[in-house]
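2 protein chains.
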Amino acid sequence: MARFLSVVPVDEAVAAAIGLARPVGTETVPLDEAWNRVLGADARADTDLPGFRRSTVDGYAVRAAETVGASDAIPSFFRLKGRVAMGAGATFALGLGECAYVPTGGEVPGGADAVAMVEHAELLGDEVLIAKPVADGENLVLPDEDFGAGEIVVPAGRRLSPQEVGALAAVGRVDVEVRRRPVIGVVSTGNEVVPVEAVPGRSEVRDVNSYLCRAFCRERGCDTRFYGIVRDEPGALRAVLETAANECDAVLVSGGSSKDERDLGAATIAELGEVLVHGIALAPGKPTIVGRVNAIPAIGLPGHPASAFVVLIVIAGPMLAALAGDRTDRSRRARARLIENVPSARGREDYVRVTVRDGEARPLFAKSGLLNSLVRADGLLRVPAGREGYETGDEVEVLLW
Amino acid sequence: MARFLSVVPVDEAVAAAIGLARPVGTETVPLDEAWNRVLGADARADTDLPGFRRSTVDGYAVRAAETVGASDAIPSFFRLKGRVAMGAGATFALGLGECAYVPTGGEVPGGADAVAMVEHAELLGDEVLIAKPVADGENLVLPDEDFGAGEIVVPAGRRLSPQEVGALAAVGRVDVEVRRRPVIGVVSTGNEVVPVEAVPGRSEVRDVNSYLCRAFCRERGCDTRFYGIVRDEPGALRAVLETAANECDAVLVSGGSSKDERDLGAATIAELGEVLVHGIALAPGKPTIVGRVNAIPAIGLPGHPASAFVVLIVIAGPMLAALAGDRTDRSRRARARLIENVPSARGREDYVRVTVRDGEARPLFAKSGLLNSLVRADGLLRVPAGREGYETGDEVEVLLW
């Protein structure tokens, strides 16, 4: 009883899904709304940054050579030529034997090549005693030391972190070109699936997967459009997928959990486009479809939420990143010592839910379809296709949620 | 020249900040908008889940005892009593010698106690041959095996992940009680600070910190309100902080980078409320203020963006989590081998920016105030107050961005 035409390795399925994804276009947003958006084009420094020689301490600008040998017992003497005010710039230069007070962030005047900290200086009238030598360049930042004019500050494809938003502010990007948020259609299928607000009868289940898919897409920076729960009738699914293909950048079809329902999903996708993958050497998640409906990628997910979630992470995640033009790796991984054997069949990738506590990973061997293990687990342990599992005591890497 | 009345350890400063934060109230949102919100009250299962005995495979429901000794050569024979349809429930029970077809997710009829997979069965007319024994309970899920009625599905204080949203769907939570998003006021101060759209003159800097603070707050699930760049005049800052105290749940004041400016921030906060901490044994980030303005927490951040960012992560982060009622630990950590010495002064916590590649951590010894190191680094290496740094080859834990 062959359920699948052919089962392909995970890498091949991921490559197929990525290959179908065309990056979305760009739009311009104000910088204060750019956090977590994907930068559309390299952002370069408009000028040298900071653009002037800036002191990194509160202190006295001097010529370093004139502090050689300075000590508490025999300090170097300087005449205080003036004080640099914050935001005002240095309006004078220093001659031999002269110094100037400069606050942190202030401009170091011409003639000086270092700043002595106030902690090592004493002001006596208009004379300053420096009790410790400074080196050439000490306690100051050069005009292009942060970024040189034209240098890339943040490269295209980064999902902007707070500090990257800060860097864009520093180079004067009031408006930022970012990728549009991809719009992902979400469809639930299955005669046994009832809306969340309904009380399920015997053999019925609430529509968990559409919520799971929508929340996952939002976590990955996408917007979603929900097309409801579609009964297992060919015409109904076909109509919904045709609409989604016109309105979305990709579509996720959460399959019914029985074979007949899954086959209907594959047949409908094939009719409207193409099925590239039907069955992946992946557990849980074998009955997964990768294809397209018109020009947009379509992924058919297993009906069991725990299986669907593995497919979201392993297959849909890279596809959404490709759509969004997102080249940021923000996966969270932890190394841990396994405290129980994890058997696995060679030839398929297994994803085992695990808890991680104090550096120890404990597998949760839950029956597929149970949600509680998804909520209790801290992440997934991947067993590569070439391995027959892991043994107690092995050091493993866990992909944290 | 004492800049600080007293410098307190990091733990003490964090405790002070958390102690000032009163958790915000709750509101109700639709489940499809609940992702990344903080759950306001424990969510419990309304009924047993799945609520019926559910098959985890496509197969034949049988009494396990009647399959003992079954093999390809000598299969067990059953009469096919009927087929359970998806979403319809089992409308009949099985007698001795009877079986029923059950799809994955379908209800296992009364009388049966296991399900034999179709892969090990053969259908001949209305007789079914089972070629492999099954154990009592095999391939089925009990009515309360996922969650029992009344059991906590997701505890209060979780920032909801996609799988937790899925679990709430399973228990019928159409509307979810979540914490309101805290509103954080952001103020920039400093005569040298110019708006991002301006071209800074000598000694001037663009307003990086307000963007950094706002993006950080959004990353932590907060809304923000920006009160502009305030000149170093006591009345101006006072007026802004009074307004913020009425409109926000907390306020972040990005200080000027000189001592005079920082002292002005502390004096104004003291006037409107209380300064609990002025100076932390933290590098970078020593000139930090923790206090309150009327009833809301106020944190005064150093003017240098790289220092401000460390204070956001170490001090403001825990305060925002306390405000939001958020008890989720989503910090990303990586263990790595240090490939250069990191000296540090005993008695203060040092946070050193590092890159992490292939398990190796390389410190970036950047001058404070440089943004490029914040963008280039992958995270922070914390050197505890009790250590004099780390040595090449030490295995260290890096707090990833």
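Those protein sequences? They're chains A and B, same order as listed. Numbered by this note's numbering, the letters in the first sequence go through residues 54 to 454 in order. Numbered by this note's numbering, the letters in the second sequence go through residues 54 to 454 in order. Note that the Cβ used here is the ideal one computed from N, Cα and C, for glycine as well.
Residue j beta carbon less than 8 Å from that of residue i
i         : j         : result
Gly40(A)  : Gly164(A) : Outside the displayed range of chain A (54 to 454) lies residue 40(A), so it cannot be described from this structure.
Cys275(A) : Val239(A) : no
Pro358(A) : Leu427(A) : yes
Gly140(A) : Ser256(B) : yes
Val231(B) : Ala167(B) : no
Gly370(A) : Arg234(A) : no
Ala377(B) : Glu402(B) : no
Gly219(B) : Val246(A) : no
Gly210(A) : Asp379(A) : yes
Val224(B) : Asp99(B)  : yes
Val249(A) : Ala222(B) : yes
Leu453(B) : Arg386(B) : yes
Ala146(A) : Val137(A) : no
Val395(A) : Val451(A) : no
Gly318(A) : Thr242(A) : yes
Ile342(B) : Asp302(B) : no
Asp111(B) : Pro156(B) : yes
Ile322(A) : Ala66(A)  : no
Ala398(A) : Leu417(A) : no
Val194(A) : Lys339(B) : no
Val328(A) : Gly344(A) : yes
For residue i: DSSP bridge partner residues
i         : result
Arg388(A) : Glu450(A)
Pro350(A) : Arg345(A)
Pro83(A)  : Asp228(A)
Val336(B) : Inspection of the sequence shows that residue 336(B) is occupied by Ala rather than by Val. Asp403(B).
Ala414(A) : Leu391(A), Val409(A)
Phe130(B) : Leu182(B)
Leu92(B)  : Val231(B)
Leu434(B) : Val405(B), Val451(B)
Thr242(A) : Val283(A)
Val36(B)  : Since the displayed chain B opens at 54 and closes at 454, residue 36(B) lies outside it and no answer follows.
Arg107(B) : Glu160(B), Val194(B)
Gly112(A) : Val155(A), Met170(A)
Leu102(B) : Phe200(B)
Ile237(A) : Thr277(A), Ala303(A)
Ile205(B) : Arg97(B)
Val258(B) : Val246(B)
Neighbour-count burial assignment, residue i, 16 or more Cβ in a 10 Å radius
i         : result
Glu198(B) : buried
Ile183(B) : buried
Ser360(A) : buried
Val304(A) : buried
Leu177(A) : exposed
Ser59(B)  : exposed
Met54(B)  : Residue placement at Met54(B) is poorly supported in this model, since its pLDDT is 33, which falls under 50; the coordinates still yield a value, given next. Per the 10 Å Cβ criterion, exposed.
Pro83(B)  : exposed
Asp64(A)  : exposed
Ile127(B) : exposed
Glu413(A) : exposed
Ala69(A)  : buried
Val227(B) : exposed
Arg106(B) : buried
Ala96(A)  : buried
Ile205(A) : exposed
Ala389(B) : buried
Ser263(B) : buried
Val252(A) : exposed
Gly356(A) : buried
Pro337(B) : buried
Glu160(A) : buried
Whole-angstrom C-beta distance between residue j and residue i, which should lie under 8 Å
i         : j         : result
Ser129(B) : Asn192(B) : No, Ser129(B) and Asn192(B) are not in contact; Cβ-Cβ is about 16 Å, not under 8 Å.
Leu391(A) : Val449(A) : 5 Å
Ala188(B) : Ala117(B) : 6 Å
Ala169(B) : Thr120(B) : 7 Å
Val405(B) : Leu434(B) : 5 Å
Quiz item: Of all the alpha helix (DSSP H) runs that stay within the bounds of the region 261 to 334 of chain A, which reach a length of 4 or more residues?
Solution: As summarised for the region 261 to 334 of chain A, the continuous alpha helix (DSSP H) elements at least 4 residues long and confined to that stretch are 261 to 272, 287 to 300, 312 to 325, given in chain order.
Quiz item: Taking the runs of the beta strand (DSSP E) that are 3 residues or longer, which of them lie wholly in the region 157 to 198 of chain A?
Solution: 167 to 170, 174 to 177, 180 to 183
Exercise. Could I get the ranges of all uninterrupted alpha helix (DSSP H) runs contained in the region 131 to 156 of chain B, with 4 residues as the minimum, in chain order?
Key: none
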